[in-house]
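Under our numbering, the residues of the sequence shown are numbered 545 to 1003, in order.
Idealized CB from N, CA, C, for every residue including glycine.
Encoded as C-alpha cells, the structure appears first; notes follow it.
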Amino acid sequence: MKQEITRFAPSPTGHLHLGGARTALFAWLHAKASNGKFLIRFEDTDKERSKDEYVKSILSSLLWLGIEPDEPPIFQSKKEAIHQKAALQLLKSGLAYSCDCSPEQLKNMREEQIKNKIQPKYDGFNRNNNLPHKQGNVIRFKMPQTGTTSFEDKILGSISVQNKELDDFIILRSDDSPTYNFCAALDDIDMNISTVIRGDDHITNTLKQINILNALNEAIPNYAHLPMVLSSDGKRLSKRDGAKDINDYKTRGYLKEALINYLIKLGWTYKEQEIFSLRELIEFFSISDVNSAAAKFSQELLDFYNNHYLNSCSIDFLLELLNKDFNLSAEFNDLPRRKEILELMREGANTIDELKENINFFHENPNLTSQLFEGIELEKEIFIKLNKDLENLDFTEKNKIDTFLKNFLELNNLKFPQLGKPLRIILTGKSDAPSISDLLYLIGRDACLERIQKFINIY
Ligand code: GLU
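Printed below as a string of C-alpha cells:
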C-alpha cells in the first residue's frame, strides 16, 4: 500500500470538539494504516478570530488523545507571501482577473438574481474587462464556464457539479489577504497531501479547490468527506449534546481510550467488535469503510465505553489519576481500604467525576435528614443492639461480617430490609449504595460505630 500523507487543518478559532477530533482521528488512522504521515496545518488566516490559546488547546487535546503529528505543525498565516505571489501569477497568466465591483454592486447583483429565481453568484461582470490590478481590487479565479467538475470521494462515491454553477470566487481580497479555498488548495499540494480528509460541509470547497489545482496543472489529491455528526434526535450537534470540547471530556473524567473508541464508532464499524486498541484500529481501519450516512451522537454509548475503560484499568492507575487530575481528598487517601473501595465503586461510575462523587461517603460522615428515612420503619433499639454487637466483631474479613449479619437478623427475628434499608442510609446517606456487608467492611469499624451512634442520638 502506498504511504499516505494526510492532514488535519483546524482553524484555531475555538477549542477542539468532538467533530474535529473525529476528523483528526480518521485522518491520523488513514495515514498510520499505510505507515504514512499525519500532519497538522493551522488555518490561522482569520487574524481576528485565530488565537494562540486555541492552537495550544487543540494541540494538547490531540496529544492527550494520542493523535500526534509526524512533523511540527504548519501555520498557514506564515505562508501569506507565497499565496499572494501565486494569486498574482494566476492573474498574469490570465487564469484569474482583477475585479473592482463594490459591495453595493454585489448586493444589487444578488438581489436581482434572487428576484429572478437564479442561484446567487458573482455574474462575471469583470471577467473579460482586463482591469489592471490595483490596490483595493480583489482577484477572482476564472472558473471554467462549461463542463463539469467531478471527483470520486473515498467515502461518498462520485460527486459532480456543472461548472456553470460554480462562481468566479475571490482568491485575493482587497486587503491582499488570500482566501481559504486558494490557500488550502496550494498548501495541500505543498505538503504533498495524498488524501484530504475533512467534514462533508467542505464538498463545495473541494470542487473549487480542484479547479484551482487544475489551473495550476497540479495533481489532484484523493478526497474523503466525513458525513456530519448529528445529535441523538437527528439535529445539528449543539453544546448540550456533545459538541463540547475535548478538554471538557477530559476534566469530567472521560478516559482517552473511551473517547477514541467512541469517536471511531461515529461512522466506522468492524465486524461485531466494540472495543479496539489503537493498534487494532491502525490494523483494521480503512477510510472506504466509513459509513456514508450521518453519524449520531450517543451519550449512552460514550458512557458505556468510559465505564468499560474505567473498569479495565489498574486501580493504581485510577488512584493516581484521581489524585493528579481530580484532587482526591487526603481523607480518602488515608482510608486503609481505598483501593478496594475504588474496585467496588467503579462498576457503577461512568466518569471519574462521578466516581469521585460516589466515594465521598467513605470518608465523610453523611448528613442525615429525616426526609431520607421517609416511609422506612425505624426501631432505635435494633441499632443500639447492633452497635454493641459490632464492637466485638472482627472487621478484617468480609465473610465474618456476612455471618454476623445473618446471625444478627435471626437472633432478633428481623427480615433483611428492616435492618438493611435504614442501615444503608445511616452509613451512606443514600438508599442505593452497595451491599451492607461491603459497606461495613469498607467503611470500617470506627466510622460505622460513629455513624450508627450519631443516628441513635438524633432519633
Ligand atoms: N480550516 C477548516 C475548518 O476548520 C478545515 C479545512 C480543511 O480541512 O480543508 O473547518
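Taking a 10 Å sphere around the C-beta of residue 767, we find 16 or more other C-beta atoms and assign the residue as buried. Between residue 593 and residue 571, the CB-CB gap reaches or exceeds 9 Å. Secondary-structure assignment with DSSP links residue 741 through a beta bridge to 768. Within its own chain, the residues whose Cβ lies closer than 7 Å to the Cβ of residue 822, once the five positions on either side in sequence are excluded, are 610, 804, listed in chain order.
In the structure shown, residue 840 adopts extended strand secondary structure according to DSSP, grouped into three states. The DSSP-derived three-state label of residue 752 is helix. Inter-segment contact for the stretch 752-761 and the stretch 652-671 is absent: fewer than three beta-carbon pairs are separated by less than 8 Å. Counting only residues of its own chain and dropping the five nearest sequence neighbours on each side, residue 702 has a CB closer than 7 Å to the CB of 694, 696. Around the ligand GLU, the residues whose beta-carbon falls short of 6 Å from at least one of its heavy atoms are 553, 554, 555, 587, 728, 742, 746, given in chain order. With a contact defined as Cβ atoms closer than 8 Å, residue 698 and residue 832 qualify at about 5 Å. Just so you know, the alpha carbons of residue 972 and residue 986 end up roughly 12 Å apart. For residue 694, the secondary structure class from DSSP, reduced to helix, strand or coil, is strand.
Contact annotation: the stretch 563-570 touches the stretch 599-619, with at least three C-beta pairs closer than 8 Å. Here the C-alpha atom of residue 792 lies approximately 37 Å from the C-alpha atom of residue 715.
Listed in chain order, the beta strand (DSSP E) elements of length 3 or more contained wholly in the stretch 630-679 are 640-643.
Annotation: residue 958 to residue 988 spans about 23 Å, alpha carbon to alpha carbon. The shortest CA-to-CA distance from residue 764 to any of 789, 735, 743, 744 is the one to 735.
Under the three-pair Cβ rule at 8 Å, the stretch 590-607 does not count as touching the stretch 706-713. Distances from the alpha-carbon of residue 746 to those of 1001, 553, 997, 548 put 553 closest. Here residue 720 really is in contact with residue 628; their C-beta atoms are around 6 Å apart, less than 8 Å. Beta-bridge pairing by DSSP links residue 722 to 716. The stretch 844-853 makes contact with the stretch 875-894; the number of CB pairs closer than 8 Å reaches 3 or more. By the CB criterion at 9 Å, residue 739 and residue 574 fall inside the cutoff.
With a cutoff of 9 Å on beta-carbon distance, residue 967 and residue 948 are scored as not near each other.
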